[in-house]
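The structure appears below as structure tokens.
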Amino acid sequence: MATGATMQEHQGKARSELGGVVVLDFGGQYTQLIARRIREQNVFSAILPCTAALEEIRQYAPAGIVLSGGPSSVYDSDAPKCDPAILAMGVPVLGICYGMQWITHALGGKVEKAERREYGRAQLQVKCENGPSGSLLFLGVPQSLRIWNSHGDHVLELPPGFCATGHTDNAIAALEDPERKIYAVQFHVEVNHTESGTELLRNFLFRVCKAEPKWSGSAFIEETTEAIRTKVGQGGAICALSGGVDSTVAAVLVHRAMGDRLTNIFVNTGMLRKNEFRDTLEMLRDRLGLRVIGVDASDRFLERLAGVTDPERKRKIIGREFIAVFAEEAQKLQKGDAQGGIGWLVQGTLYPDVIESVSVKGPSATIKSHHNVGGLPENMPFALIEPLRDLFKDEVRRIGKDLGLPDEILLKHPFPGPGLAVRLLGEITREHLHTLQEADAIVVEEIRRAGLYSKVWQAFAVLLPVRSVGVMGDYRTYGLTVAVRVVESDDAMTADWVRLPGEVLERMSTRIVNEVRGVTRVVYDISSKPPSTIEWE
Ligand code: XMP
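Residues in the sequence shown are numbered from 442 upward in steps of one, following the numbering used here.
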């Protein structure tokens with residue numbers, strides 16, 4: 442399949458005009474958080490692997506460079522390194538944790554293994570030794586700060602030209618060479634546990650780098666719309682729309698640029714939630730004015746899934762079938778298109794997916810095979826438009842709000858691509874799907890009634906092929922089990938089960954057993970992620 446390189450080149454040009462900050466990743470667990478914290482200050486940030494070439498960094502015309510933390514020691518044989526020339530570019534640099542150790546090592550200071558690992562909270566005393574009075578980084582910040590650390594090695598000797606600007610009981614915790622505009626801290630300014638972390642970052646951005654806060658929702662919408670318009674010319678585009686926040690924001694942005702030359706395809710796999718196909722189509726067409734083809738392909742999905750119980754096989758079958766349906770619809774459209782063909786495919790790819798493939802750590806191991814339309818057949822003549830590939834999820838929601846999307850979409854809980862298939866254990870039958878849809882609708886209704894919908898990450902029902910005995914009226918019953926899953930999370934990487942009030946659980950349980958035929962038992966899932974996952978399959 443053709444790639445979206447040309448589209449990205451265009452976005453690259455706009456990036457260099459933003460004068461943002463490049464974050465070089467040493468494999469730290471907080472690298473994305475650093476980039477988000479910078480963007481919260483309306484300054485654009487991009488993450489590149491620490492091995493990025495100088496030329497690539499220069500393409501961003503950065504106002505500053507941040508070096509992330511990382512798990513290594515500078516003395517490891519495979520210790521990650523940047524090109525030391527970044528320290529002589531004249532662009533301000535802030536090293537964080539491993540970033541500070543690497544700067545020290547690269548510029549002739551000394552780093553040594555600490556006797557005691559510093560992990561968690563510590564107290565920082567701000568102090569400027571040997572250097573010019575006052576530090577721009579610590580301007581206006583209290584002299585004693587609670588900070589958050591996570592490191593083994595520490596700095597023993599400063600590189601020539603540097604002064605120490607902060608200590609903990611154990612070690613030098615901040616250093617700088619204001620002449621060369623190189624700053625470094627041993628602790629994590631990006632985590633909330635560090636007192637005045639935001640002020641320190643703001644000082645670096647606005648006092649040291651003199652960055653301009655040009656990264657805003659409306660600027661992004663204008664620039665992206667213009668970039669799409671210029672790039673796409675008179676051609677047409679298609680988009681696989683799910684009604685979720687990412688694909689809907691992507692479609693609305695592209696629709697602003699292209700109008701009805703964008704056609705969206707919404708596939709009913711038969712594994713959507715109750716009434717979702719009808720309601721979502723109505724919302725996308727009538728309220729958002731999008732051109733949407735609704736394809737009810739539930740029969741063929743269910744046929745392919747007959748007799749299949751293995752979770753990974755279910756996912757693979759659904760992924761493959763989805764692509765087949767989408768490709769068929771795209772071909773039909775292309776044949777019927779009188780205006781010069783459909784050359785573009787819109788995808789709601791987000792920045793974390795992009796970073797994953799550039800990180801020094803490489804793509805992380807697959808725990809479950811998630812699906813999107815990335816696996817279209819080779820011969821489909823599309824180039825990609827990925828208008829959200831620079832954005833984090835919370836930024837997508839903000840852009841969606843600026844675009845006037847209703848809360849029903851912006852606050853909608855994430856829903857997996859394979860849909861209810863991963864919440865219906867065992868074989869998928871029409872009857873069981875119906876049972877699950879009914880139970881799920883009750884869970885969501887009760888969560889809404891309790892005012893909790895926008896406060897939790899996800900709330901849903903799972904149908905277990907486990908029969909147990911019940912008694913209803915004078916009759917003995919032998920029915921299925923529904924598990925209720927409600928979790929809170931920031932990013933789905935970790936999640937905790939929600940301590941729901943007893944009355945809410947009680948209402949859910951009573952209603953499900955009374956209103957959903959064939960269910961005799963309701964259980965509440967009290968497992969966290971890790972070690973469990975959010976979905977059951
Ligand atoms: P797990 O179950 O891995 O889920 O803890 C993490 C988040 O991802 C969603 N999820 C998916 N999303 N395609 C998707 O688009 C998938 O195949 C898929 N599987 C899980 C899940 O709902 C949760 O929010």
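Positions of the beta carbon are idealized from the N, C-alpha and C atoms, including for glycine.
| query | How would you write the range of the alpha helix (DSSP H) that Ile967 sits in, first residue to last? | reply | No alpha helix (DSSP H) contains Ile967, which DSSP labels as neither H nor E.
| message | Is Ile975 a contact residue of the ligand PLP, with contact defined as CB to any heavy atom under 7 Å? | response | Annotation note on the ligand PLP: not contained in the displayed structure, which lists the ligand XMP as its ligands.
| Quick check: the stretch 607–620 against the stretch 505–517, are there 3 or more CB pairs under 8 Å? | By the Cβ test, the stretch 607–620 is not in contact with the stretch 505–517, since fewer than three Cβ pairs between them sit closer than 8 Å.
| request: Keeping to the same chain, check which residues put their C-beta closer than 6 Å to that of Ile479; ignore five residues upstream and five downstream. | output: So the qualifying residues of the chain are Val462, Ser486.
| Given that a residue counts as buried once 16 or more other Cβ atoms are within 10 Å of its Cβ, and exposed if not, what is Ala526? | With fewer than 16 other Cβ atoms within 10 Å, it is exposed.
| query | Run through DSSP, which three-state label would Ala652 get? | reply | Looking at Ala652 - three-state DSSP - the assignment turns out to be coil, as it is neither helix nor strand.
| query | Beta carbon of Trp543, beta carbon of Leu508: below 8 Å? | reply | In this structure, Trp543 places its C-beta atom within 8 Å of the C-beta atom of Leu508.
| query | When DSSP labels each residue in this structure, what does Lys672 get in the three-state scheme? | reply | Note: Lys672 maps to helix in three-state DSSP.
| Own chain, CB closer than 6 Å to Lys755, minus 5 neighbours either side, in chain order | Same-chain partners within the cutoff: Val749, Ala862.
| message | Considering only heavy atoms of the ligand XMP, does any lie closer than 7 Å to the CB of Arg756? | response | Yes.
| message | Taking a contact to mean a Cβ-Cβ separation below 8 Å, would you say Thr961 touches Ser909 in this structure? | response | Cβ atoms of Thr961 and Ser909: closer than 8 Å.
| request: Assign Leu989 to one of two classes, buried (16 or more other C-beta atoms within 10 Å of its C-beta) or exposed (fewer than that). | output: Residue 989 lies beyond the residue range present for the chain, which begins at 442 and ends at 978; the question has no answer from this structure.
| request: Tell me where the alpha helix (DSSP H) around Ile488 begins and ends. | output: Run containing Ile488: none in the alpha helix (DSSP H); it sits in the beta strand (DSSP E), 486–490.
| request: Rank Ala547, Val532, Ile588 by C-alpha distance to the C-alpha of Val567 and give the top, closest one. | output: Each of Ala547, Val532, Ile588 was checked against the Cα of Val567, and the nearest Cα belongs to Ile588.
| In three-state terms, what does DSSP make of Thr935? | Here Thr935 sits in coil by DSSP.
| Would Ala747 pass as a contact of Asn709 if the rule is Cβ separation under 8 Å? | Not closer than 8 Å, so no.
| said: Given the structure, does Pro855 come close to the ligand XMP, in the sense that its CB is under 7 Å from one of the ligand's heavy atoms? | reply: Yes - the ligand XMP has a heavy atom lying nearer than 7 Å to the Cβ of Pro855.
| request: Over the uninterrupted alpha helix (DSSP H) stretch that includes Asn955, give me the two end residues. | output: Going by DSSP, Asn955 is part of the alpha helix (DSSP H) stretching over 943–956.
| Of all the options Met712, Pro857, Val733, which has the alpha carbon lying nearest to the alpha carbon of Leu722? | With distances taken between Cα atoms, Leu722 lies closest to Val733.
| request: Tell me whether the beta-carbon of Pro667 lies closer than 8 Å to the beta-carbon of Gly460. | output: Checking the displayed sequence, the identity of residue 667 turns out to be Glu instead of Pro. Between Glu667 and Gly460, the CB-CB gap reaches or exceeds 8 Å.
| message | Given 7 Å as the limit, tell me if Lys896 has its C-beta closer than that to any heavy atom belonging to the ligand XMP. | response | For Lys896, the Cβ stays outside the 7 Å cut-off from all heavy atoms of the ligand XMP.
| Residue closest to Ala681, alpha-carbon to alpha-carbon, out of Lys622, Glu770, Cys650 | Looking at the Cα atoms, Glu770 is the closest of the given residues.
| query | What's the gap between the Cα of Leu851 and the Cα of Ile759? | reply | About 26 Å.
| Nearest-angstrom Cα separation, counted from Arg702 out to Glu663 | Rounded to whole angstroms, the separation of the alpha carbons of Arg702 and Glu663 is 19 Å.
| query | Where do the N-terminal and C-terminal ends of the alpha helix (DSSP H) with Thr721 fall, by residue? | reply | Start and end: 717–723.
| field | Glu879 vs Val957 beta-carbon contact at 8 Å | value | With contacts defined by Cβ atoms closer than 8 Å, Glu879 and Val957 form a contacting pair.
| Is the CB-CB distance between Ala644 and Leu578 below 8 Å? | First, the residue type needs correcting, since residue 644 is Asn and not Ala in the sequence shown. In this structure, Leu578 lies closer than 8 Å to Asn644 by Cβ.
| said: DSSP has Cys604 in a bridge; who is on the other side? | reply: Glu617, per the DSSP bridge assignment.
| query | Which residues in the same chain as Pro503 place their Cβ atom closer than 7 Å to its Cβ, once the five residues preceding and following it in sequence are excluded? | reply | Spatial neighbours of Pro503 in its own chain (CB-CB distance under 7 Å, excluding positions within 5 residues in sequence) are listed in chain order as Gly461, Val462, Val463, Val532.
| task | Check whether the stretch 910–926 touches the stretch 834–850, counting contact only when three or more Cβ pairs, one atom from each stretch, lie closer than 8 Å. | result | Output reads no: the stretch 834–850 does not touch the stretch 910–926.
| task | Using DSSP bridges, identify the partner residues of Gly911. | result | As DSSP reads the structure, Gly911 sits in a beta bridge with Thr918.
| query | Using CA coordinates, which residue listed in Gly540, Gly549, Leu641 is at the minimum distance from Leu586? | reply | Considering only alpha carbons, the answer is Leu641.
| query | Does the stretch 927–934 touch the stretch 888–900, meaning 3 or more C-beta pairs lie closer than 8 Å? | reply | Flag = yes, the stretch 888–900 and the stretch 927–934 touch.
| request: May I ask which residues mark the beginning and end of the beta strand (DSSP E) holding Leu703? | output: 703–709 is the extent of the beta strand (DSSP E) around Leu703.
| request: Following the continuous alpha helix (DSSP H) through Leu746, name the residue where it begins and the one where it ends. | output: Unbroken alpha helix (DSSP H) run through Leu746: 739–746.
| query | Taking the alpha helix (DSSP H) that Ile475 falls in, what are its first and last residues? | reply | 472–481 is the extent of the alpha helix (DSSP H) around Ile475.
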